[in-house]
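Taking it in order: structure first as structure tokens, then the write-up.
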Amino acid sequence: MQVEDVTIGELAKHIPTPFYCYSAAAIASNYQRYSDAFAGLDSLICYAVKANSNQAILATLAQLGAGADTVSEGEIRRALAAGIKAEKIVFAGVGKSEQEIRYALSQGILQFNVESEPELERISALAVQMNTTARISIRVNPDVEAKTHAKITTGLAENKFGINIDLAPQLYIKAASLPGIEVTGVDVHIGSQLINLEPFAAAFAKVAELVSSLKAQGITIKIIDIGGGLGINYGEHSDEPDIRTYAEHAKQHLGHLGCKIIVEPGRSMVGNAGVLVSKVEYVKTGQERTFLILDAAMNDLIRPSMYDAYHHIATVEQKPNQAVYDIVGPVCETGDTFAKSRALGECEQGDLVAIMGAGAYGAVMASHYNSRLNAPEVLVSGKQYSIIRERISFDTLLAMDTLPAWL
Ligand SMILES: *Cc1c(COP(=O)(O)O)cnc(C)c1O
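With full-length UniProt numbering applied, the sequence shown covers 1 to 407.
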């Protein structure tokens, strides 16, 4: 198995497993597909940093011209450090703190995607205090069913995100009257891992209606941020939405409004560009099942336990025979299971396996649970590879705690 011109078996000789491995060319090709698809529109691709916030990934995208969709001060700092200009950074999230808003204002970011009335008031007050102006979009909740996993659905009335689209005009009128606020746009993001494009079309149509009605009320919208959410093929079924069709929906519903379109892909930019490489520690034959016990665990990749997510898993070397396994990690939780009853090349101790589609919401969601060290991250480009995040040492792990003086 190779990532670009580097074989994974060779990498594993130098880097102890488990580790993440990403392809720079795959990321560039995903970016290119977005930029081609949206070429007919005045558009900006703001990569959703939360999907994979490693600065080497951000710098790769920055060089291609990407902006950033961020959800915290830490993400804004990462994006800036990786060379993404403040005028290409948008800031979303339901719980922006005073400190975070101040920081974003001090950097002069492109816009805040505002999720509530009290947040709008807070931004206004802080902008006045700092003698500056905050450009804002209001994130509207269009109440459409994204038809994805409940934990990654964000555009329903019952979800915590955004402002009910029917109540949005009132808030826009208020925003236009507030000091320190410049209304620039509308924002919508209905969920993640969407395979069916119809919910996007429905949301875009509702946003178009809102933009027209705001215009009639004297509020000019210059930017429409259509969020992210395009799904990828994790290997469970062959459906993968087409970026061109997605962009066509945007053009059809929003193209005539003369606005700049921001698109915020996360998963579809990096998901299929990464694998988690792991080693078989034991093949354990139970009474009913055979377990493949890996050295990677839920603390490295939580998607299977958190979202019941499917990831294709393959042996790094081709195997002559097939076997069926429950593929698990060493963590002391039944939920530490990557796959159940999965057919795979027959393995023995020491074999390498690759968990595919691990580039998004993988390393960023990792923890040190069970006092396990992090899986390092490696970026490949052609024949070259570089460790872009080291595995910390046990000394560093232990030094994260400090003992109170009384002990
Ligand atoms: C998570 C998120 C995204 C990216 O979603 P993907 O499904 O990874 O494309 C974009 N915008 C907002 C506001 C988000 O919360």
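Here a beta-carbon is modelled for each residue, glycine too, at the ideal position from N, C-alpha and C.
Keep in mind the model is a prediction, meaning the values are calculated, not measured.
For residue j and residue i, the rounded distance between their alpha carbons
{"i": "Glu158", "j": "Val144", "result": "11 Å"}
{"i": "Ile123", "j": "Ile181", "result": "8 Å"}
{"i": "Phe204", "j": "Val328", "result": "41 Å"}
{"i": "Thr184", "j": "Ala134", "result": "10 Å"}
{"i": "Leu294", "j": "Asp308", "result": "18 Å"}
{"i": "Tyr361", "j": "Ala168", "result": "31 Å"}
{"i": "Gly40", "j": "Pro241", "result": "20 Å"}
{"i": "Pro265", "j": "Thr290", "result": "38 Å"}
{"i": "Gln318", "j": "Met1", "result": "8 Å"}
{"i": "Ile392", "j": "Leu373", "result": "6 Å"}
{"i": "residue 408", "j": "Tyr246", "result": "Residue 408 cannot be examined here, being either before or after the span of the chain that is shown, 1 to 407."}
{"i": "Tyr310", "j": "Ala86", "result": "36 Å"}
{"i": "Gln63", "j": "Tyr34", "result": "15 Å"}
{"i": "Leu292", "j": "Glu281", "result": "8 Å"}
{"i": "Pro320", "j": "Gly345", "result": "7 Å"}
{"i": "Gly9", "j": "Phe338", "result": "21 Å"}
{"i": "Asp300", "j": "Ala363", "result": "6 Å"}
{"i": "Leu210", "j": "Glu115", "result": "16 Å"}
{"i": "Thr154", "j": "Leu44", "result": "22 Å"}
{"i": "Leu254", "j": "Gln99", "result": "35 Å"}
{"i": "Met400", "j": "Ser371", "result": "11 Å"}
Assigned exposure category for residue i - 16 Cβ within 10 Å defines buried
{"i": "residue 455", "result": "Nothing can be reported for residue 455, as the shown portion of the chain is limited to 1 through 407."}
{"i": "Val49", "result": "buried"}
{"i": "Thr60", "result": "buried"}
{"i": "Lys284", "result": "exposed"}
{"i": "Ala150", "result": "exposed"}
{"i": "Asn54", "result": "buried"}
{"i": "Cys46", "result": "buried"}
{"i": "Phe78", "result": "In the sequence on display, residue 78 carries Arg and not Phe. Flag for Arg78 reads buried."}
{"i": "Glu75", "result": "buried"}
{"i": "Gly162", "result": "buried"}
{"i": "Cys332", "result": "exposed"}
DSSP beta-bridge partners of residue i
{"i": "Lys279", "result": "Leu352"}
{"i": "Gly274", "result": "Tyr22"}
{"i": "Gln2", "result": "Thr7"}
{"i": "Ser381", "result": "Gln384"}
{"i": "Arg289", "result": "Beta-bridge pairing links Arg289 to no other residue."}
{"i": "Gln111", "result": "Val90"}
{"i": "Asn141", "result": "Asn164"}
{"i": "Tyr325", "result": "Arg342"}
{"i": "Arg122", "result": "Answer is none; Arg122 lacks a bridge partner."}
{"i": "Leu407", "result": "None; Leu407 has no bridge partner."}
{"i": "Asp225", "result": "Asp187 and Ile262"}
{"i": "Leu171", "result": "Beta-bridge pairing links Leu171 to no other residue."}
Beta-carbon proximity check, residue i vs residue j, cutoff 8 Å
{"i": "Ala358", "j": "Leu276", "result": "yes"}
{"i": "Asp187", "j": "Ser268", "result": "no"}
{"i": "Asn272", "j": "Ala26", "result": "yes"}
{"i": "Leu257", "j": "Ala12", "result": "no"}
{"i": "Gly227", "j": "Leu194", "result": "no"}
{"i": "Ile388", "j": "Val378", "result": "yes"}
{"i": "Lys279", "j": "Thr7", "result": "no"}
{"i": "Ile165", "j": "Ile223", "result": "no"}
{"i": "Ile302", "j": "Met365", "result": "yes"}
{"i": "Pro382", "j": "Glu4", "result": "It is worth fixing the name first, because residue 382 is Gly in this sequence and not Pro. Yes."}
{"i": "Tyr20", "j": "Ala375", "result": "yes"}
{"i": "Gln107", "j": "Val90", "result": "no"}
{"i": "Ala66", "j": "Ile84", "result": "yes"}
{"i": "Val316", "j": "Arg342", "result": "no"}
{"i": "Ala37", "j": "Val270", "result": "no"}
{"i": "Leu171", "j": "Leu126", "result": "no"}
{"i": "Pro199", "j": "Val128", "result": "no"}
{"i": "Asp42", "j": "Lys340", "result": "no"}
Local conformation of residue i per DSSP, three classes
{"i": "Gly74", "result": "helix"}
{"i": "Leu105", "result": "helix"}
{"i": "Phe338", "result": "strand"}
{"i": "Asp36", "result": "helix"}
{"i": "Arg303", "result": "helix"}
{"i": "Ser43", "result": "strand"}
{"i": "Ile136", "result": "strand"}
{"i": "Ala309", "result": "coil"}
{"i": "Leu197", "result": "coil"}
{"i": "Lys147", "result": "coil"}
{"i": "Glu182", "result": "strand"}
{"i": "Gly65", "result": "coil"}
{"i": "Lys206", "result": "helix"}
{"i": "Arg389", "result": "strand"}
{"i": "Lys251", "result": "helix"}
{"i": "Ala48", "result": "strand"}
{"i": "Thr396", "result": "helix"}
{"i": "Ala216", "result": "helix"}
{"i": "Ala59", "result": "helix"}
{"i": "Leu294", "result": "strand"}
{"i": "Lys13", "result": "helix"}
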